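Single-structure report; data block below.
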Amino acid sequence: MDKLNPVLPSNALQIKAELISAESALEAAGIETPRFEVQLLLALALGVSRTQVIAQTYSPVTNRQWQSFSEYIRLRVARTPLAYIRGTQEFYGLDFRVDRNCLIPRPETEMLVDYALSCLSKYSDIIDFTEFPVVDVGTGSGCILIAILKNINSAKGFAVDLSAEALHISCINASAHHLTDRIHFLQSSLLDAVRSQSCSIIVSNPPYIPNTEIGSLQPEVRDFEPRLALEGTDKDGLGSYRRLAEEGLRVLISGGKLVVEVGMGQARTVEEIFIRSGYIDIEIRNDLANIERVVAGSRP
Ligand code: GLN
0 MDKLNPVLPS
10 NALQIKAELI
20 SAESALEAAG
30 IETPRFEVQL
40 LLALALGVSR
50 TQVIAQTYSP
60 VTNRQWQSFS
70 EYIRLRVART
80 PLAYIRGTQE
90 FYGLDFRVDR
100 NCLIPRPETE
110 MLVDYALSCL
120 SKYSDIIDFT
130 EFPVVDVGTG
140 SGCILIAILK
150 NINSAKGFAV
160 DLSAEALHIS
170 CINASAHHLT
180 DRIHFLQSSL
190 LDAVRSQSCS
200 IIVSNPPYIP
210 NTEIGSLQPE
220 VRDFEPRLAL
230 EGTDKDGLGS
240 YRRLAEEGLR
250 VLISGGKLVV
260 EVGMGQARTV
270 EEIFIRSGYI
280 DIEIRNDLAN
290 IERVVAGSRP
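Once you know that position 161 of the sequence shown is 160 in numbering that gives the first Met the number 0, the rest is easy, because the numbers rise by one and skip nothing.
Now the structure itself:
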């Protein structure tokens, strides 16, 4: 049987049988670790840890909890990402609210935060961050800017996104992390809304997947994460970097940094774009999988 019975089974044996059938439903849907995910989703429905699920040290399952569990399995069979089912994702040691209006924060993006923090700590004696804020372009959940500001107490920032719905989520996250008074939220296409500002650092994880590659993404990404957050402009997907490099020169103070995340194999072309626009001291950083992931340059 591949469908979970949404009616609570009457005894532990039947529950066990249903869990096995949930596992095969996930497996049939192409999920690679079905048992792990069944445990995770049951834990979520019961409000306990996965360890408690494994050790079976939870109170008798209620009707309501069973219904939630069945619904989570149904969503996961349709390849809804776990983070959207849970409604949260951990990033840089912090919890972020996420929904289908924002990209799910990825571990490799933590590299960008590390790099930005190292730049900011180098400058902290000479630059007043209150006067020269950090700009996060395409803020999505707000994860990058929030992680930065949580680690640099004096800094302020602009969270920019074209999507009003994404900005709404980033506002919720900023408020959960007590940063509302340090962030300005702006609906804008790239740097349009901050044109007249002077900023110390621009960070961005812009959409960079070329249109021709969208179809081959895994279903969780392709069918659920916002297209606006994934698909890059221009044939090679690098249109945002071209615009950011140009517009960044007008916004950054001298010595200010443009720091971006790039997709696999894009770092050298983005480096080229930065050099041609006039940036200096270009640096490339690899992620934990040794993929060139962060490109940064300074405004002369
Ligand atoms: N800044 C967000 C993140 O890195 C969203 C990026 C995007 O939407 N492309 O997760």
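Ideal Cβ placement from N, Cα and C applies to all residues, glycine included.
Owing to the predicted nature of the structure, the values given are computational and were not obtained by experimental measurement.
> Identify the residues that DSSP records as bridge partners of Ile201: which are they?
Replying inline: DSSP lists Val134, Leu257 as partners of Ile201.
> Span of the alpha helix (DSSP H) holding Asn172?
Replying inline: 163 to 175
> Using DSSP with H/G/I as helix, E/B as strand and the rest coil, what is Arg292?
Replying inline: strand
> Sorted by chain position, which residues of the same chain lie with C-beta nearer than 7 Å to Glu230's C-beta, five sequence neighbours on each side aside?
Replying inline: Pro206, Ile208, Asn210, Ile213
>> Using DSSP's beta-bridge definition, name the partner residues of Asn285.
In response: Glu291
>> For His183 and Glu282, I'd like the C-alpha separation in whole angstroms.
In response: 28 Å
>> Which of the three DSSP states is assigned to Lys15 in this structure?
In response: helix
> Looking at C-beta atoms only, is the number of pairs between the segment 91 to 105 and the segment 119 to 126 that lie closer than 8 Å three or more?
Replying inline: no
>> Measuring only the C-alpha atoms, how far is Leu216 from Pro225?
In response: 13 Å
> Helix or strand or just coil, what does DSSP make of Val159?
Replying inline: strand
> Taking 7 Å as the line, does the beta carbon of Pro205 fall inside it for any heavy atom of the ligand GLN?
Replying inline: yes
> When the distance is taken between beta carbons, is Ser253 closer than 8 Å to Arg298?
Replying inline: yes
> Taking C-alpha atoms, which residue in Phe157, Trp65, Val60, Ser48 lies nearest to Thr129?
Replying inline: Phe157
> Along the chain, where does the alpha helix (DSSP H) that runs through Gln51 open and close?
Replying inline: Counting along the chain, the alpha helix (DSSP H) containing Gln51 begins and ends at 49 to 54.
> Nearest to Val202 by alpha carbon, out of Ala163, Gly139, Ser162, Met263?
Replying inline: Closest option to Val202, Cα to Cα, is Gly139.
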